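J.: Structure below; questions to follow.
4 protein chains.
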Amino acid sequence: MIAQVRGSRPVTDVCSRLYLKHVATMEKYISVKDLENVALSMLSKSTGDYYKSGATDEQSLAENRDAFKRLRIRPKCLVGVGNSCLNTTVLGQKVSMPIGIAPSAMQRMAHPDGELANVRAAQAEGTIYTLSTIATSSIEEVSEAAPNAIKWFQLYIYNDREVTKNLVLRAEKAGFKAIALTVDTPLFGIRRADIRNNFTLPSHLRITNLPIVAKGIMRADDAIEAVQAGCSGILVSNHGARQLDGTPATIEVLPEIVEAVKSYNVEVYLDGGVTTGTDVYKALALGARMVFVGRPALWGLTVGGQAGVQKMLQILRTELQFTVQIAGTPTISDIKRDMVCHESVYSKL
Amino acid sequence: MIAQVRGSRPVTDVCSRLYLKHVATMEKYISVKDLENVALSMLSKSTGDYYKSGATDEQSLAENRDAFKRLRIRPKCLVGVGNSCLNTTVLGQKVSMPIGIAPSAMQRMAHPDGELANVRAAQAEGTIYTLSTIATSSIEEVSEAAPNAIKWFQLYIYNDREVTKNLVLRAEKAGFKAIALTVDTPLFGIRRADIRNNFTLPSHLRITNLPIVAKGIMRADDAIEAVQAGCSGILVSNHGARQLDGTPATIEVLPEIVEAVKSYNVEVYLDGGVTTGTDVYKALALGARMVFVGRPALWGLTVGGQAGVQKMLQILRTELQFTVQIAGTPTISDIKRDMVCHESVYSKL
Amino acid sequence: MIAQVRGSRPVTDVCSRLYLKHVATMEKYISVKDLENVALSMLSKSTGDYYKSGATDEQSLAENRDAFKRLRIRPKCLVGVGNSCLNTTVLGQKVSMPIGIAPSAMQRMAHPDGELANVRAAQAEGTIYTLSTIATSSIEEVSEAAPNAIKWFQLYIYNDREVTKNLVLRAEKAGFKAIALTVDTPLFGIRRADIRNNFTLPSHLRITNLPIVAKGIMRADDAIEAVQAGCSGILVSNHGARQLDGTPATIEVLPEIVEAVKSYNVEVYLDGGVTTGTDVYKALALGARMVFVGRPALWGLTVGGQAGVQKMLQILRTELQFTVQIAGTPTISDIKRDMVCHESVYSKL
Amino acid sequence: MIAQVRGSRPVTDVCSRLYLKHVATMEKYISVKDLENVALSMLSKSTGDYYKSGATDEQSLAENRDAFKRLRIRPKCLVGVGNSCLNTTVLGQKVSMPIGIAPSAMQRMAHPDGELANVRAAQAEGTIYTLSTIATSSIEEVSEAAPNAIKWFQLYIYNDREVTKNLVLRAEKAGFKAIALTVDTPLFGIRRADIRNNFTLPSHLRITNLPIVAKGIMRADDAIEAVQAGCSGILVSNHGARQLDGTPATIEVLPEIVEAVKSYNVEVYLDGGVTTGTDVYKALALGARMVFVGRPALWGLTVGGQAGVQKMLQILRTELQFTVQIAGTPTISDIKRDMVCHESVYSKL
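Protein chains in written order, with the numbering used here: chain E, 1 to 349; chain A, 1 to 349; chain G, 1 to 349; chain P, 1 to 349.
Here it is, written out as structure tokens:
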């Protein structure tokens, strides 16, 4: 069930040459949508469908995107923006921008370099890479490929506690900085009756000093419960709208979760539907400390390996940089709640 | 006017062989929509149109479906879901899931086995079959075909009280468990001036010990009146949106009706527009004890007789099972009101 | 400017034969939309466009229709409907149903019989015909063609008071029952500075004992002013959405106007966008005593002269009859305000 | 960076002949949309795209238009409208109507006469022309071309204060009446850290006695700050939706800004999405003293030089004239706030 597959050795020399070539050819892409379109033309239909699809009727998949469009940015004009800066910190680690890479399974399906290209891109761009449990590169390979990247390890709750324990120990030893514990996926034959109604972190996770991020929270009460159980971060996520159709968009539930945990010393993050710099900006204004992108990283990886992922991150960085400047909030801490409102505000004339 | 037609003898042997074959070929269908598409390609245009159509401009027909899409499921993550179970009871009878079969007229138009295939499917899947008064199999034939099914009998209010009385007696004798009294159809030459403004159950229905379910209620005041007149259940229904165009969707009026009768010892059910497991889930969260499906049973019946109806029920069961697990409400009684909200909640940022 | 043109003599014998033939061929039309489609195929493009078009971008034209679709009928089931009846009175006159014919200009453009066919249809169906000032038949011809019809005369406010006075006297003498005074059309070279800010009925209208209906009211304050100036009826109208694009739909402003004048002894009517029996029902529930249809009469007139207009009225009558029965409000006075609500009510879960 | 390019000498004789010809051929255009369609067919694709496009996904570009359609005009009928008049004043200057020309860059891209044709059209129609800093005609040429036009000068805030100072002095000397200071464009390499958080007018703008209009305000707090810093007017603008996608429509934020500055002696204007007379009317009702049109002037300029711009202004004038009459508010000062409401008012039945 656990696919920490040791992939074929990454052909690093070829990759380096390819990387330089790719950096040059990446110039023509000016939006994440561009990368998506090209990636889908390169992937087999089955892989492309697997990456892009959502649950059932894909209503929540569309909502994750559309809900961003229902939010408005209210720019401030009378502000100097000379010293704009996207730096922030996440769980105490400095990142160059509040945009990181979400976990996704078996990334060598997208590109021969798979996880290694992805983590190198995160390292080069100064942000977080989250390794999926279901990966085509080992924890150690990922660590070695990008020793200076900020790496998180995504973990399911398995029945076999020794397996989990072993994975966490390896991640900790390999220099990973946090565990992103997926809490929205009870369907892999897992039995968790023991934690019912009194959520506590599984005992085999108390072996570790790494901070735990609860990934998949969509309700205020769950957020509070996770924090009280010891989690340091809440990742608002509906699993890329791949699990249950009919959930709200993640950006829609973000405010209630931020409000719920504001008296705790905890960070809130978001993934789901982020494809532009203004999406990131809206999430930050509503209280997210960081957003994560999953599919965009796969599109970049498919199109250009490490260079493609970097291009994707650069596009979002440029768009976010422009947005903070034009909105009159030159640094991340300037982005207050009142910079964004729901479109419905304007029907209350 | 009453069409308790004794159909041609069901060719049972052929049916059995067909049934086994059908079970095998049913595998390819993975949604109710699949069955609908195939059924409509098999039926004559006039029969297909008759089954699928709604009143006038079909606005309410579309609303019955669309209103479900405007509801959001708010999944709970921090819950063990090992012992999920769909069992529930309806009017004291155990059913394997809260999804039953609504009445529809003359089912041999869809398949030679008609009502008999349908009731056998209900028996095999452990749920309720509602026989229409306007049927192509007799009460007794239906009872004989599936002695262990939970059978309800749908009844119009006829002027000829002897006819009604006779039907009810036959149904009671044949082991039916409830009368679903259609109250939204005053247009078959019926004169009911005698019950105006002071609704009481027709006297010829007080012969019977069977519980009465008022089918077709769309308002809180009507629900209260029906309960006070002695009904044991309220079936929220707009007659499959076939009567009056411009009514609300049934799922929209469900909450006001549940609220209205909550202090009474009465159950509330719903039909109209249910085609997925998440639709069922939303109705349960808003207070329905059971939902009924009409057209989906006709699609299944058309495509594969008993096997087709069972396939339809199995699809809904699987979808509902998945939904209760992923939503963190593993049993029916876990599905509280706050698991679902209207999309407009998220425009109040 | 005034087009009380004496048309060519109506060829009555031919008409009678045509009428019988038309009655037979009308059977195939089952909705107002059917008549519209056929009429538009019969008319020259310029006449068809003239009839069907609205102002500028036709936003209000669409809204007049769409606003009806945003209203929901909440049927009552537990009511006997044996004695349903559509009779009502308007300004003291008995009509067979609350659906009358609105004024429209020069009806011989649609059919050789023009206004005469139209008024005969109204007489045959027992309802009101409103004659436009800009007509292709004279007041006297219309009166003679249908002596028993309830006839209203539509009047603009002209600068030339003698002209107006003469028209009113002729209408009164010819047995017309009310003056529908168009108040929303100040653009025919009219100077009304004399009535500015203190609206009073023009002195030349106080010659007459006929009740005055103010046609074109879209605001509560205007309604009150009209009533205080002596009007007996308020006809909520945006001139068929032909004047100013961007106005609300008439059905949208109806409730505020009904509310505003409820303490006065005055009737409120509506035109604009009515094409089905449920539209009529919704207007009645929101407080209209009568609705008027303009374009539908032109479609009927075009398709079949008198028989066509009667067919149109019969379609609406049948649809309204069905609606009052199925909604559980068998007579007009049963249709209370709570039978209809706005769709937005159901987003307040 | 500053493009006060002295263009090739305008070929005035040819222009005069062209002008007369154009006046004749302009008759066929009856809406701004007509002019847009023809202009786009005449321009190169790149220029046409440059003019018509908005930022990123063009969501705000569409919203600027669509938000007008969500507003309703509530016409008053019982008002004499004989003396309708569109005259008003802006910063003490008389204009023949509340519709002026917004700045746009390098207008000789649209037509050889560029800014000169545009300003002559404004002069002929008795309204305001705003000259862009980035122009293809000099301040002096524009002044000489239309000495009697009311001319404003649009200014960016440059780092090089001498350049700015020189431009303002030239504009003042050339008879310009106001400076429209663009405050929403911090991205031309500008460093304004000096004004951060304490907005004051740049010292080099205090040389001038011309009133300053802050162009690009989208928030109430910014409006107040601009007024307190000495601005005489607030031009609500999102830069034609060309800067930041995801902002509200300008007509949506207008009310909050009007409300915010109502206790100050200051005027509020609007640009963005205005293409019809009813758009203008809605902006006036919500508190704008004047609206400005940018793209419509470019369409007119492209199609017919001065005659084309005049035609555009005449279309809007005619439409606005009609609207004030039919709405029962014959002069600009009659247009009170309650003449317009949001469509959502009508979902509160």
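Ideal Cβ positions, reconstructed from N, Cα and C, are used throughout, including at glycine.
Nothing here was measured: the structure is a model prediction, and the numbers come from that model.
To be precise: take each residue of the stretch 67-93 of chain E, compare its Cβ to all Cβ atoms of chain P, and keep it if any distance is under 8 Å. Which residues remain?
T.: Flagged, chain order: Lys69, Leu71, Arg72, Ile73, Arg74, Pro75, Lys76, Cys77, Leu78, Val79, Gly80, Val81, Gly82, Asn83.
J.: For chain P, is any of its Cβ atoms less than 8 Å away from the one on alanine 249 (chain E)?
T.: Start at 1 with the first residue of the first sequence, and residue 249 (chain E) comes out as number 249. With 8 Å as the cut-off, alanine 249 (chain E) does not count as an interface residue toward chain P.
J.: Assign phenylalanine 292 (chain E) to one of three DSSP states: helix, strand, or coil.
T.: One-based indexing of the first sequence puts residue 292 (chain E) at position 292. Strand at phenylalanine 292 (chain E).
J.: Assign lysine 311 (chain A) to one of three DSSP states: helix, strand, or coil.
T.: Here the question's residue 311 (chain A) lines up with position 311 in the second sequence. If DSSP states are grouped into helix, strand and coil, lysine 311 (chain A) belongs with the helices.
J.: In the DSSP assignment, find the unbroken beta strand (DSSP E) run with arginine 337 (chain A) in it and report its ends.
T.: In the second sequence, counting from the first residue as 1, residue 337 (chain A) sits at position 337. That residue, arginine 337 (chain A), is in no beta strand (DSSP E); it is neither H nor E in DSSP.
J.: Within 8 Å of any Cβ in chain G, is that where the Cβ of aspartate 271 (chain A) sits?
T.: Position 271 of the second sequence, counted from the start, is the residue given in the question as residue 271 (chain A). No, no contact with chain G.
J.: Look up tryptophan 299 (chain G) in the DSSP assignment and give the residues it is bridged to.
T.: In the third sequence, residue 299 (chain G) corresponds to position 299, counting from 1. DSSP output for tryptophan 299 (chain G) lists no bridge partner at all.
J.: Can you give me the start and stop residues for the beta strand (DSSP E) that leucine 235 (chain E) sits inside?
T.: Counted from its first residue, the first sequence places residue 235 (chain E) at position 235. 233-236 is the extent of the beta strand (DSSP E) around leucine 235 (chain E).
J.: I need the straight-line Cα distance from leucine 205 (chain P) to valine 168 (chain P), nearest angstrom please.
T.: As a working mapping, residue 205 (chain P) is identified with position 205 in the fourth sequence. As a working mapping, residue 168 (chain P) is identified with position 168 in the fourth sequence. If you take the alpha carbons of leucine 205 (chain P) and valine 168 (chain P), they lie about 8 Å apart.
J.: Counting only beta-carbon separations shorter than 8 Å, does alanine 105 (chain G) have a partner in chain P?
T.: The residue you call residue 105 (chain G) lines up with position 105 of the third sequence. Not an interface residue.
J.: Can you say whether glycine 92 (chain P) is buried or exposed, counting buried as having 16 or more other CB atoms within 10 angstroms of its CB?
T.: Locating residue 92 (chain P) in the fourth sequence gives position 92, counting from the first residue. So glycine 92 (chain P) ends up on the exposed side.
J.: Rounded to whole angstroms, how far is the Cβ of isoleucine 212 (chain G) from the Cβ of leucine 235 (chain G), which I believe are closer than 8 Å?
T.: For the purposes of this step, residue 212 (chain G) is taken as residue 212 along the third sequence, with counting starting at 1. For the purposes of this step, residue 235 (chain G) is taken as residue 235 along the third sequence, with counting starting at 1. The pair is not a contact, with the Cβ atoms about 11 Å apart (cut-off 8 Å).
J.: Okay, do the stretch 122-140 of chain A and the stretch 319-327 of chain A touch, 3+ Cβ pairs below 8 Å being the bar?
T.: With the cut-off at 8 Å, the stretch 122-140 of chain A and the stretch 319-327 of chain A do not touch.
J.: Under 8 Å, Cβ to Cβ, is there at least one residue of chain A near alanine 226 (chain E)?
T.: Here residue 226 (chain E) is taken as the residue at index 226 of the first sequence, counted from 1. Yes, alanine 226 (chain E) counts as interfacial toward chain A.
J.: Output yes if chain G places a C-beta closer than 8 Å to the C-beta of glycine 304 (chain A); else output no.
T.: Stepping through the second sequence from its first residue, residue 304 (chain A) is reached at position 304. Taking Cβ atoms only, chain G never reaches closer than 8 Å to glycine 304 (chain A), which makes this a no.
J.: May I have the straight-line CA-CA distance separating arginine 196 (chain A) from asparagine 83 (chain G), to the nearest angstrom?
T.: Reading the second sequence from its first residue, position 196 is the one you call residue 196 (chain A). Reading the third sequence from its first residue, position 83 is the one you call residue 83 (chain G). Reliability of the predicted coordinates at arginine 196 (chain A) is poor, the pLDDT of 43 falling under 50, and no value is obtained from them.
J.: Could you spell out the range, first to last residue, of the alpha helix (DSSP H) harbouring alanine 260 (chain P)?
T.: In the fourth sequence, residue 260 (chain P) corresponds to position 260, counting from 1. Here the alpha helix (DSSP H) through alanine 260 (chain P) covers 250-260.
J.: Could you pull the start and end residues of the beta strand (DSSP E) that glutamate 58 (chain G) belongs to?
T.: In the third sequence, the residue the question calls residue 58 (chain G) occupies position 58. First-last for glutamate 58 (chain G): undefined, no H or E at that position.
J.: For serine 232 (chain P), count the other beta carbons within 10 Å of its own beta carbon; 16 or more makes it buried, fewer makes it exposed. Which is it?
T.: By one-based count along the fourth sequence, residue 232 (chain P) stands at place 232. Classification of serine 232 (chain P): buried, given that the 10 Å Cβ count is 16 or more.
J.: Could you tell me the boundaries of the alpha helix (DSSP H) in which glutamine 228 (chain P) lies?
T.: Here residue 228 (chain P) is taken as the residue at index 228 of the fourth sequence, counted from 1. It spans 220-228 - the alpha helix (DSSP H) in which glutamine 228 (chain P) sits, taken as one unbroken run.
J.: So what's glutamine 243 (chain A) in DSSP terms, helix, strand or just coil?
T.: Locating residue 243 (chain A) in the second sequence gives position 243, where the first residue counts as 1. The answer is coil: DSSP assigns glutamine 243 (chain A) none of H, G, I, E or B.
J.: State yes or no: is the beta carbon of tyrosine 346 (chain G) nearer than 8 Å to at least one beta carbon in chain P?
T.: One-based indexing of the third sequence puts residue 346 (chain G) at position 346. With 8 Å as the cut-off, tyrosine 346 (chain G) does not count as an interface residue toward chain P.
J.: Give the range of the beta strand (DSSP E) segment to which tyrosine 269 (chain P) is assigned.
T.: Residue mapping note: residue 269 (chain P) aligns to position 269 of the fourth sequence, counting from 1. Per DSSP, tyrosine 269 (chain P) belongs to the beta strand (DSSP E) from 267-271.
J.: Do you know offhand how far leucine 181 (chain A)'s Cα is from glycine 230 (chain A)'s?
T.: Taking the first residue of the second sequence as 1, we reach residue 181 (chain A) at position 181. Taking the first residue of the second sequence as 1, we reach residue 230 (chain A) at position 230. C-alpha separation (whole angstroms): 12 Å.
J.: DSSP puts alanine 71 (chain E) in a beta bridge; with which residues?
T.: Along the first sequence, one-based indexing puts residue 71 (chain E) at 71. The identity of residue 71 (chain E) in the sequence shown is leucine, whereas the question assumes alanine. Note: leucine 71 (chain E) sits in a beta bridge opposite E:His342.
J.: Taking just the CA atoms, how far does glycine 328 (chain E) sit from serine 263 (chain P)?
T.: By 1-based counting over the fourth sequence, the position of residue 263 (chain P) is 263. By 1-based counting over the first sequence, the position of residue 328 (chain E) is 328. About 26 Å.
J.: Just to confirm the assignment, what range does the alpha helix (DSSP H) spanning threonine 208 (chain P) have?
T.: Here residue 208 (chain P) corresponds to residue number 208 of the fourth sequence, with the count starting at 1. Threonine 208 (chain P) -> no alpha helix (DSSP H), and no H or E assigned at all.
J.: Would you say leucine 181 (chain G) reaches chain P, if we count a Cβ-Cβ gap shorter than 8 Å as a contact?
T.: Position 181 of the third sequence holds residue 181 (chain G). Not closer than 8 Å to any Cβ of chain P, the Cβ of leucine 181 (chain G) fails to qualify, so no.
J.: Please name the residues in the stretch 302-335 of chain E whose beta-carbon is closer than 9 Å to at least one beta-carbon of chain P, in chain order.
T.: The residues in question are Glu319, Phe322, Thr323, Gln325, Ile326, Ala327, Gly328, Pro330.
J.: If you count every other CB in all the chains shown that lies within 10 Å of the CB of proline 186 (chain P), and 16 or more means buried, which is it?
T.: The residue given as residue 186 (chain P) occupies position 186 in the fourth sequence. Buried.
J.: Is the beta carbon of valine 268 (chain P) sitting closer than 8 Å to the one on valine 261 (chain P)?
T.: In the fourth sequence, residue 268 (chain P) corresponds to position 268, counting from 1. In the fourth sequence, residue 261 (chain P) corresponds to position 261, counting from 1. In this structure, valine 261 (chain P) lies closer than 8 Å to valine 268 (chain P) by Cβ.
J.: Strictly under 8 Å for the Cβ-Cβ distance: is threonine 278 (chain A) near chain E by that measure?
T.: To locate residue 278 (chain A), count along the second sequence from 1; it is residue 278. By this cut-off, threonine 278 (chain A) is an interface position.
J.: In whole angstroms, give me the CA-to-CA distance for glutamate 36 (chain E) and phenylalanine 68 (chain E).
T.: Position 36 of the first sequence holds residue 36 (chain E). Position 68 of the first sequence holds residue 68 (chain E). Computed Cα separation, rounded: 19 Å.
J.: Flag this pair as touching only if the stretch 56-64 of chain E and the stretch 236-252 of chain E have three or more C-beta atom pairs under 8 Å; answer yes or no.
T.: Output reads yes: the stretch 236-252 of chain E touches the stretch 56-64 of chain E.
J.: Along the stretch 231-258 of chain E, what residues have a CB closer than 7 Å to any CB found in chain A?
T.: Listed in sequence order: Gln243, Leu244, Asp245, Gly246, Thr247, Pro248, Glu252, Pro255.
J.: Distance check for serine 344 (chain P) and arginine 120 (chain E), CA to CA, integer angstroms please.
T.: By 1-based counting over the first sequence, the position of residue 120 (chain E) is 120. By 1-based counting over the fourth sequence, the position of residue 344 (chain P) is 344. Distance between the alpha carbons of arginine 120 (chain E) and serine 344 (chain P) is about 51 Å.
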